[in-house]
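J.: Numbering (the numbering used here), first residue to last: 1262 to 1921.
Using N, Cα and C, we set each Cβ at its ideal position, and we do this for glycine too.
So that we are looking at the same thing, I have put the structure below in structure tokens.
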Ligand code: AHR
């Protein structure tokens, strides 16, 4: 790019710079550097986490054993048996019933003399991803009901069944105890399995069979996949919304997200079915459950690790309205409201309080400093507002320090949306969550959406958005460059309106290439690898260069919302003393608007330009080509207080001008 500009004869270049794409003399784009218009909230660009597409179990939660506690509907799911005898009673699943309601089942293995060998095998989540030379921590709870001792050989095998790592443990006595050992994998394999060989005769009871890599995020035992957390951390997100999404609601109330069941020792967290298990006939996921190894404590910790404000969303007494639409009677909402009060205590209370103590016992005596709380996911209609009113009253009175996130429903416009806003107007200003899963054209067109929103009412949380290349929930949607570019154009509008829009997050966040239900998604991964989509790089550029104050950027005296295919926004960053421009060229031709920086101060001669583009709108990143679309950086020169640049066809460009 730079060399192309240098080689262009002076006069021709001057002409090109001052002509617009239609060949007419165009007005410059004017950026008013000295008069910031509004502050940009540190929360501006965040992330939305939902356990969909195997995002938690089989995804960011690094546990490799599927159905470790035998609690799936089919307690043997994920488990296979190699018994060198015909004795089918060798494996029995027992149920402790009320004596252990959270984790009632365990497996009993009886090895007899007729059985020279017995092996229980776990296939993991579509295989186990293991890496050569990496260490793995095996553990399980076990007891020998008939006492004595029993040797177990723990083995990793590759996809073909060949041993690639081995260790052993010896069980002793009839008390339930935790046993553990270490294995090293001799091979990298995305579809390895775990074998447990019972080498002595006798009866063994086992539960919570677990295998974790050592190289988790921050090397935390029982922790998260480091590559995935790193991708999240690189976004420098302003907030982390969790745990969803529709998963908050459940298909029915019984399977709603109950945060209290996701904290404390992992063996006491009660597994439930994942609501995405049966949602789409075209993507059945019968093995999709929630072990809650990634629970509310871990979400808070993750937020802290990556410098994001924690934003939990709680069920407001309503199951998913796209499914059963089951609701709790309004006069029976107290337990739900109490859940919200207790959550604030869990996050922020002193270790002397009931829930603050649970947090402290889990390893975090300091409060998490939660400031935001969502009431309901994308609920709609009178049922939502009848329930919201109850929550709002109690929370406003007891916790005025917490900002509440209210829902505008699942749609970006229409009757439900309008109804929601007439109701929302009746509340004291808080933050309203709007969702848009729309075609790319909608995103281009809506770059001016918030220009006309009220300035003194609720703030806006663009809580879930993603351009859909085909249709919402179509399995053929792709994270292609057209979608990403349209989101970039739209996001210039969000940024320009940062006085109203204070939080934004793309959704969904994560998807397993072999285990997804919903596409498009921001980050894709398999059992070993992960990559950011083109959409990811758009998010990353906006977030990494979010600035602190909005600047006016006008073309023909109007914001850049698509005229001549140009979209743009400008910010000032107080922390780095940078002027940052974001420009989208949505056309098939280079655009060369002159940019004038109105500033009393002298501007430097040098600046940096970061370009994200692709030759074809249908291009996309993939496991095989993870960096096909990625930003590239070049040095550029200012011409006094002017910028004469060529913006590549179908591109997002970030310009960084550092003032002395
Ligand atoms: O992001 C996928 C789903 O879309 C979310 O769970 C829900 O809130 C929305 O309908």
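#1: Taking residue 1566 as the reference, give the member of 1542, 1580, 1484 with the closest Cα.
#2: DSSP three-state call for residue 1279: helix, strand or coil?
#3: Could you tell me which residues DSSP puts in a beta bridge with residue 1403?
#4: Tell me which residue opens and which closes the alpha helix (DSSP H) that residue 1648 is part of.
#5: Based on Cα-Cα distance, which residue from 1640, 1306, 1601 lies nearest to residue 1759?
#6: Does any residue of chain D bring its CB to less than 8 Å from the CB of residue 1849?
#7: Do you know offhand how far residue 1262's Cα is from residue 1867's?
#8: Quick one: what's residue 1502 bridged to in DSSP?
#9: For the ligand AHR, any of its heavy atoms closer than 7 Å to the Cβ of residue 1573?
#10: Which residue comes first and which comes last in the beta strand (DSSP E) that contains residue 1458?
#11: Which residue from 1319, 1678, 1368 puts its Cα closest to that of residue 1337?
#12: Between residue 1685 and residue 1648, is the Cβ-Cβ spacing less than 8 Å?
#13: Is the closest heavy atom of the ligand AHR to the C-beta of residue 1409 under 7 Å?
#14: Comparing C-alpha positions only, which one of 1455, 1468, 1424, 1300 sits nearest to residue 1436?
#15: Is the beta carbon of residue 1814 closer than 8 Å to that of residue 1793?
#16: Taking all protein chains shown into account, decide if residue 1543 is buried (16 or more other Cβ within 10 angstroms of its Cβ) or exposed.
#17: Residues in the same chain with beta-carbon distance under 6 Å from residue 1655, minus the five sequence neighbours each way, listed in chain order, please.
#18: Pull up the DSSP beta-bridge partners for residue 1431, would you.
#19: What's the C-alpha gap between residue 1703 and residue 1751?
#20: Residues in its own chain within less than 6 Å of residue 1564 by CB, not counting five upstream and five downstream?
#21: Would you check if the segment 1874 to 1882 and the segment 1304 to 1322 touch, i.e. whether three or more CB-CB distances between them fall below 8 Å?
#22: Could you please go through the chain and list the residues whose beta-carbon is closer than 7 Å to any non-hydrogen atom of the ligand AHR?
#23: Can you give me the start and stop residues for the beta strand (DSSP E) that residue 1725 sits inside?
#24: For residue 1706 versus residue 1728, is the C-beta distance shorter than 8 Å?
#25: Note down, in chain order, each residue of its chain lying with its Cβ closer than 8 Å to the Cβ of residue 1283, except the 5 sequence neighbours on either side.
#26: How long is the line joining the alpha carbons of residue 1395 and residue 1551, rounded to whole angstroms?
#27: Provide the residue span of the alpha helix (DSSP H) that contains residue 1753, from first to last.
#28: Alpha helix (DSSP H) containing residue 1799: first to last residue?
#29: What residue from 1503, 1417, 1383 has the CA that sits closest to residue 1470's CA?
#30: For residue 1353, count neighbouring C-beta atoms within 10 Å of its own C-beta (all shown protein chains included) and say buried if the count is 16 or more, exposed if not.
#31: Would you mind working out which of 1723, 1466, 1763 sits nearest residue 1672, comparing C-alpha positions?
#32: Judging by CA-CA distance, which residue of 1795, 1756, 1857, 1816 is the nearest neighbour of residue 1810?
#33: State buried or exposed for residue 1311, treating a residue as buried only when at least 16 other CB atoms are found within 10 Å of its CB.
#34: Quick check: the segment 1728 to 1744 against the segment 1770 to 1780, are at least 3 beta-carbon pairs closer than 8 Å?
#35: For residue 1294, which beta-bridge partners are listed by DSSP?
#36: Would the segment 1508 to 1515 and the segment 1426 to 1444 be scored as touching if the rule is three or more Cβ pairs under 8 Å?
T.: So, to answer that:
#1: 1484
#2: Low per-residue confidence applies at residue 1279: pLDDT is 43, beneath 50, and the placement is therefore not dependable enough to give any value.
#3: Residue 1403 is bridged to 1438, 1467.
#4: 1642 to 1659
#5: 1306
#6: Structure shown: chain D not included; a single protein chain is present.
#7: Reliability fails at residue 1262, whose pLDDT of 36 lies under 50, so the model's placement of it is uncertain and no value is given.
#8: 1309, 1572
#9: No, the Cβ of residue 1573 stays beyond 7 Å of every heavy atom of the ligand AHR.
#10: Unbroken beta strand (DSSP E) run through residue 1458: 1450 to 1459.
#11: 1368
#12: no
#13: In this structure, the C-beta of residue 1409 stays at least 7 Å away from each heavy atom of the ligand AHR.
#14: 1468
#15: no
#16: exposed
#17: 1598
#18: 1412
#19: 9 Å
#20: 1501, 1571
#21: no
#22: 1311, 1313, 1505, 1506, 1507, 1508, 1638, 1639, 1671, 1696, 1698, 1725, 1768, 1769, 1779
#23: 1720 to 1728
#24: no
#25: Summary for residue 1283: the model assigns pLDDT 45, below 50, so the residue's position carries little reliability, and this model does not support an answer.
#26: 26 Å
#27: 1742 to 1757
#28: 1795 to 1805
#29: 1383
#30: exposed
#31: 1723
#32: 1756
#33: Around the beta carbon of residue 1311, 16 or more other beta carbons sit within 10 angstroms, so the residue counts as buried.
#34: yes
#35: According to DSSP, residue 1294 bridges with nothing at all.
#36: no
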